[in-house]
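Here is the structure we will look at, set down as structure tokens.
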Amino acid sequence: MTDADAAQTASTAPSSEQDVNGPQFAALLAARLCHDFISPASAIVSGLDLLEDPSAQDMRDDAMSLISSSARKLADLLQFTRVAFGASASAENFDSRELEKLAQGVFAHVRPNLVWDIPPTVMNKASARAILNIAQIAASALPAGGSATLRAVNADGRVAITADAGGPRARLRPEILAGLKGEALGEGLGGPWVQAAYLHALVRAAGGQLGVAVEDDKVSLAAWVPA
């Protein structure tokens, strides 16, 4: 998806736009993060229960493997979330190579793979957060696997970001599309919607634009923010 395509499909603020500063939005975002963390955390507890069960000592190796893989997934998600959702507020600039590690950490636990086509560079907070959220939304567009290619170009005083996700049954849920347009949540799940709405809000707050295109077995996202 080109920068021109992004301009054509860029979202505008409709009258039904969600108040991202309100308590309901905060509650939905907290619920989304808890949903992401609860699965690996519960798996760690299950592994520990197996280790403590005298009748399950023959499953000790399986328990240790479960604990190890789940702890890695939880750590990867936590590190990703600190930057993607703004908890790492003290940093104003980010090395793109560190952003790649965060994004690849998330893709390590899902079916699709990530092609990171961004050269080593320093990125401001808005573009860093946008890139990570776009990467995770691109991963969610590929439930049956595939490949997502992420690119970013710094030119003319702005950072143009694109993600092209291709694979079998590539799609975006209706609530994600609504969130990317800045529309309030209607029918559907709040978890997928809230990240898309957050991405829309942070791009617009930075003075940029966001666009999306869905075709057969392909989803493209594009954004630009001031450099």
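For reference, each letter of the sequence shown is one residue, going 3 to 229 in my numbering. We treat Cβ as the ideally placed atom computed from N, Cα and C, and that holds for glycine. Given the structure is predicted, the values throughout are model-derived calculations rather than measurements.
Report the residue from the options whose alpha carbon sits nearest the alpha carbon of residue i.
i	options	result
residue 145	48, 127, 66 and 168	168
residue 182	132, 25 and 100	132
residue 71	43, 52, 94 and 85	43
residue 160	66, 35, 79 and 129	129
residue 105	170, 121, 93 and 85	85
residue 209	73, 198 and 229	229
residue 148	24, 118, 125 and 113	113
residue 79	111, 61, 67 and 124	111
Would you mind reading off the limits of the beta strand (DSSP E) that contains residue i?
i	result
residue 168	160–168
residue 153	149–157
residue 224	220–228
residue 117	115–119
Return yes when the Cβ of residue j is within less than 8 Å of the Cβ of residue i, no when it is not.
i	j	result
residue 166	residue 222	yes
residue 200	residue 31	yes
residue 154	residue 140	no
residue 178	residue 225	no
residue 211	residue 34	no
residue 170	residue 219	yes
residue 119	residue 68	no
Taking the alpha-carbon positions, what's the residue i to residue j distance?
i	j	result
residue 157	residue 47	48 Å
residue 205	residue 88	13 Å
residue 56	residue 192	42 Å
residue 96	residue 77	19 Å
residue 135	residue 53	37 Å
residue 174	residue 40	23 Å
residue 116	residue 109	7 Å
residue 230	residue 59	Beyond the ends of the chain as shown, which are 3 and 229, falls residue 230; an answer cannot be given.
residue 107	residue 101	10 Å
residue 137	residue 143	10 Å
residue 203	residue 82	19 Å
residue 216	residue 63	44 Å
residue 227	residue 188	28 Å
At what residues does the alpha helix (DSSP H) containing residue i begin and finish?
i	result
residue 34	25–54
residue 67	62–86
residue 142	127–142
residue 215	Here residue 215 belongs to no alpha helix (DSSP H); instead the beta strand (DSSP E) covers 211–217.
residue 59	Looking at the DSSP string, residue 59 is not in any alpha helix (DSSP H), and its letter there is neither H nor E.
residue 110	Premise fails: residue 110 is in no alpha helix (DSSP H) and is neither H nor E.
residue 181	176–182
residue 201	192–207
Output yes if chain B places a C-beta closer than 8 Å to the C-beta of residue i; else output no.
i	result
residue 48	Structure shown: chain B not included; a single protein chain is present.
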